[in-house]
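Engineer: Right, I'll just put the structure down here and ask away after.
Protein chains: 2
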Amino acid sequence: MPETDRVPIPTLLRLACYYRALVEQEQRGARRLSSSEIAQLCGISATQVRKDFSFFGLGGKPGVGYDPAQLRGQIARVLKLDRPHQIVIVGAGRLGQALAAYGGFGAYNLQVSGVFDSDPAKIGKRIGGGLTIQDVKKLTPKTCPGKRCIGALTVPADQAQRAADTLFSVGIYRILNFTPAPIEAPAGAIVRTAAFTPEFAVLAFFDKETHYEHD
Amino acid sequence: MPETDRVPIPTLLRLACYYRALVEQEQRGARRLSSSEIAQLCGISATQVRKDFSFFGLGGKPGVGYDPAQLRGQIARVLKLDRPHQIVIVGAGRLGQALAAYGGFGAYNLQVSGVFDSDPAKIGKRIGGGLTIQDVKKLTPKTCPGKRCIGALTVPADQAQRAADTLFSVGIYRILNFTPAPIEAPAGAIVRTAAFTPEFAVLAFFDKETHYEHD
DNA sequence: AGTTGTGAAATGCTTCACAGCT
DNA sequence: AGCTGTGAAGCATTTCACAACT
Ligand SMILES: NC(=O)c1ccc[n+]([C@@H]2O[C@H](COP(=O)([O-])OP(=O)(O)OC[C@H]3O[C@@H](n4cnc5c(N)ncnc54)[C@H](O)[C@@H]3O)[C@@H](O)[C@H]2O)c1
Ligand SMILES: NC(=O)c1ccc[n+]([C@@H]2O[C@H](COP(=O)([O-])OP(=O)(O)OC[C@H]3O[C@@H](n4cnc5c(N)ncnc54)[C@H](O)[C@@H]3O)[C@@H](O)[C@H]2O)c1
Chain A
3 MPETDRVPIP TLLRLACYYR ALVEQEQRGA RRLSSSEIAQ LCGISATQVR
53 KDFSFFGLGG KPGVGYDPAQ LRGQIARVLK LDRPHQIVIV GAGRLGQALA
103 AYGGFGAYNL QVSGVFDSDP AKIGKRIGGG LTIQDVKKLT PKTCPGKRCI
153 GALTVPADQA QRAADTLFSV GIYRILNFTP APIEAPAGAI VRTAAFTPEF
203 AVLAFFDKET HYEHD
Chain B
3 MPETDRVPIP TLLRLACYYR ALVEQEQRGA RRLSSSEIAQ LCGISATQVR
53 KDFSFFGLGG KPGVGYDPAQ LRGQIARVLK LDRPHQIVIV GAGRLGQALA
103 AYGGFGAYNL QVSGVFDSDP AKIGKRIGGG LTIQDVKKLT PKTCPGKRCI
153 GALTVPADQA QRAADTLFSV GIYRILNFTP APIEAPAGAI VRTAAFTPEF
203 AVLAFFDKET HYEHD
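First to last, the protein sequences are chains A and B. The C-terminal residue of the first sequence carries number 217 in our numbering, and the numbering is unbroken. The C-terminal residue of the second sequence carries number 217 in our numbering, and the numbering is unbroken.
Laid out in structure tokens, this is it:
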């Protein structure tokens, strides 16, 4: 197994995509899949697929292909999806609630286990997904005892660092940051960004009308 | 100006980040900013900031720094945020409605102009942000006449291609795909992916407990 | 003195080409 | 024959180092 911090992030992202495609194909009863079929299902080149597998020593049979169930299991072990992870959402606003109600996490062994907010008007309310919004002050080391928690930051940008610090202080060292604010993290913690407004800006850039009449 | 398809996407994403930081600093009355201050605000290295600017010929004053207002204007022109873009949401579910209600697009000259769904029970309902859900069948070339529309795909994965095709057929050639399904696009169209479940999977990978007891 | 702007080096990632297995 | 697995090449992006400017 390669050193965990020498692994290309793009490879991990694609592995998650293969995983999903394999779950789907397995359900459809597929028994064999070639790298180019997997590639097609994820919109990626077949070489790339094989390189990714090769990186972790995931094997198929030359001349034949891959066994979907087995490969899925191998990828799950690589991505640590063979064990459950809990998602703790901080910020029960529109985005936080959409996440909490999302039904697609189960297939990845991910489960939203708690939703926290600071607004007294929201605390105690039941939301989609069946959870009840809890006071962010009740976020303590006991929230995630011996479990594998991942924080989801869906607070306003100016609260992002504070909310992140709460998560760190409680032993949650993996955070997906949906706010546009950058997060300072202690050594050993890992914060990834999932801001999508910049993605819209990229699409704005590709506007075909190169000229625009200024006032 | 460099060829529009020779531009590094990471540069565009960072440009959007600088843009946001500049808007904020401008509001706080900042008159001068150095590349290292901008870097800090976005969690990026100062060299990277200057390289990005240099790519588009955006200039500051050596020994002094950058004028926030002027720089913001320049970045806006590069990203085409000097003109308004309309966001058309297809799929008025949890995520689509969260997007529709999001108040942060205005600063980028982006505006959600329509929300479409196929569910008769949803059509006609007023949602957060003030818009009314429309029948996806009413999505025609007139939806976006001479305007600059960007599609946001927030339908279930198995409807993604169909919904995308509808957008293409109506002249919307820029799409942000929030589903896990890959999209086949006609030449000239540009589809970007904003799936965040893979991001959670990346964080799962960085689980510190390397051993896990299997049953 | 302090900060920008940029070639050149280093690193990271993807694609190619093909040897090797079944 | 067909498909996998992987070094080597190629391309993209980041970082370095420093000259140039104010
Ligand atoms: N909604 C979107 O589509 C969208 C799009 C892009 C980015 N974002 C980003 O995602 C974040 C959340 O967006 P949203 O639209 O859900 O906002 P929102 O205002 O609907 O929700 C924010 C929630 O955080 C809670 N909160 C505030 N301070 C808190 C604290 N210190 N601790 C715990 N909870 C706190 C608020 O009570 C509120 O319920 C924002 O940073 C926004 O920039 C959202
Ligand atoms: N909610 C999340 O947090 C989340 C997280 C990760 C990925 N996603 C992805 O985002 C997408 C939307 O997720 P969601 O949670 O909002 O789902 P949702 O089920 O709440 O909403 C989907 C909406 O699309 C509508 N729809 C279905 N077919 C349509 C069609 N052909 N044309 C127009 N509208 C149609 C449905 O009526 C529904 O309102 C899914 O693909 C999901 O995988 C969502």
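For glycine and all other residues, C-beta sits at the position ideal for the given N, C-alpha and C.
What did DSSP end up calling TYR68 (chain B) once you bin it into helix, strand or coil?
Structural biologist: It is a strand residue.
Engineer: In three-state terms, what does DSSP make of VAL48 (chain A)?
Structural biologist: It is Ala, not Val, that sits at residue 48 (chain A) in the sequence shown. Reduced to three states, the DSSP call for ALA48 (chain A) is helix.
Engineer: Check whether the Cβ of SER171 (chain A) lies closer than 8 Å to any heavy atom of ligand 1, and answer yes or no.
Structural biologist: Every heavy atom of ligand 1 is 8 Å or more from the Cβ of SER171 (chain A), so no.
Engineer: Here's a check: name, in chain order, each residue in its chain whose Cβ is nearer than 7 Å to the Cβ of ALA32 (chain A), leaving out the five neighbours to either side.
Structural biologist: Result list for ALA32 (chain A): PRO70, in chain order.
Engineer: Could you give the C-beta distance for ARG2 (chain B) and ARG85 (chain B), rounded to a whole number, given that I count them as a contact under 8 Å?
Structural biologist: Because chain B here runs from 3 to 217, residue 2 (chain B) falls outside it and cannot be looked at.
Engineer: Within 10 Å of its beta-carbon, does ILE11 (chain A) have 16 or more other beta-carbons around it, so buried, or fewer, so exposed?
Structural biologist: Answer is exposed; the Cβ neighbour count stays below 16.
Engineer: Step through the CB atoms of chain B and report whether any lies within less than 9 Å of the CB of GLU201 (chain A).
Structural biologist: Yes, because at least one Cβ of chain B sits closer than 9 Å to the Cβ of GLU201 (chain A).
Engineer: Determine whether the Cβ of VAL9 (chain B) lies closer than 9 Å to any Cβ atom of chain A.
Structural biologist: Interface residue, yes.
Engineer: Would you report the Cα separation of PRO182 (chain B) and GLN42 (chain B), rounded to the nearest angstrom?
Structural biologist: Taking the straight line joining both Cα atoms gives about 33 Å.
Engineer: Should ASP167 (chain B) be listed as close to ligand 1, given that the test is whether its C-beta is under 8 Å from any heavy atom?
Structural biologist: No; taking the cut-off as 8 Å, the Cβ of ASP167 (chain B) has no heavy atom of ligand 1 nearer than that.
Engineer: Name the residues in the region 110-144 of chain B whose C-beta lies less than 9 Å from a C-beta of chain A; which are they?
Structural biologist: Cβ contacts with chain A come from TYR110, ASN111, LEU112 and GLY130.
Engineer: Rounded to the nearest angstrom, how far is the Cβ of VAL193 (chain A) from that of ILE177 (chain A), given a contact under 8 Å?
Structural biologist: Indeed, because the Cβ distance is near 5 Å, the residues count as touching under 8 Å.
Engineer: I'd like to know whether the C-beta of THR6 (chain B) is nearer than 9 Å to at least one C-beta of chain A.
Structural biologist: Yes, because at least one Cβ of chain A sits closer than 9 Å to the Cβ of THR6 (chain B).
Engineer: With a Cβ-Cβ cutoff of 9 Å, do THR195 (chain B) and PRO188 (chain B) count as a contact?
Structural biologist: No, the Cβ-Cβ distance between THR195 (chain B) and PRO188 (chain B) is not below 9 Å.
Engineer: Are the CB atoms of LYS82 (chain A) and ALA197 (chain B) nearer to each other than 9 Å?
Structural biologist: No.
Engineer: Pull up the distance between the alpha-carbon of VAL204 (chain B) and that of ALA18 (chain A), whole angstroms please.
Structural biologist: Cα-Cα distance, rounded: 8 Å.
Engineer: Inspect the beta-carbon positions of LEU141 (chain B) and ALA102 (chain B) and report whether they are closer than 9 Å.
Structural biologist: For LEU141 (chain B) and ALA102 (chain B), no; Cβs fall outside 9 Å.
Engineer: Excluding sequence positions up to five away, which residues of its chain have a Cβ less than 8 Å from the Cβ of ASN179 (chain A)?
Structural biologist: Answer for ASN179 (chain A): LEU155, ALA162, ALA166, ILE185, VAL193, ARG194, THR195, ALA196 and ALA197, listed in chain order.
Engineer: So what does DSSP say about ALA162 (chain B), is it helix, strand or coil?
Structural biologist: In this structure, ALA162 (chain B) counts as helix in the three-state DSSP scheme.
Engineer: Out of A:LYS139, A:ALA109, A:ILE135 and A:VAL172, state which residue places its alpha-carbon closest to the alpha-carbon of GLU26 (chain A).
Structural biologist: That would be A:ALA109, whose Cα lies nearest to the Cα of GLU26 (chain A).
Engineer: Near THR145 (chain A), which residues of its chain fall below 7 Å by C-beta distance, leaving aside the five closest residues on each side in sequence?
Structural biologist: Counting only Cβ-Cβ distances below 7 Å, and skipping sequence neighbours, we find VAL90, GLY116 and VAL172.
Engineer: Using a Cβ-Cβ cutoff of less than 7 Å, which residues in the same chain neighbour VAL80 (chain A) once the five nearest sequence positions on both sides are dropped?
Structural biologist: Excluding sequence neighbours, VAL80 (chain A) sits near LEU17 and PHE58.
Engineer: How would you label THR13 (chain A), buried or exposed, when you count the other beta carbons within 10 angstroms and need 16 or more for buried?
Structural biologist: Classification of THR13 (chain A): buried, given that the 10 Å Cβ count is 16 or more.
Engineer: Answer yes or no: does any C-beta atom of chain A fall closer than 9 Å to that of PHE198 (chain B)?
Structural biologist: Judged by the 9 Å Cβ criterion, PHE198 (chain B) is in contact with chain A.
Engineer: For CYS146 (chain A), which residues in chain B fall below 7 Å Cβ to Cβ?
Structural biologist: Here the premise fails: no neighbours, minimum Cβ distance about 13 Å.
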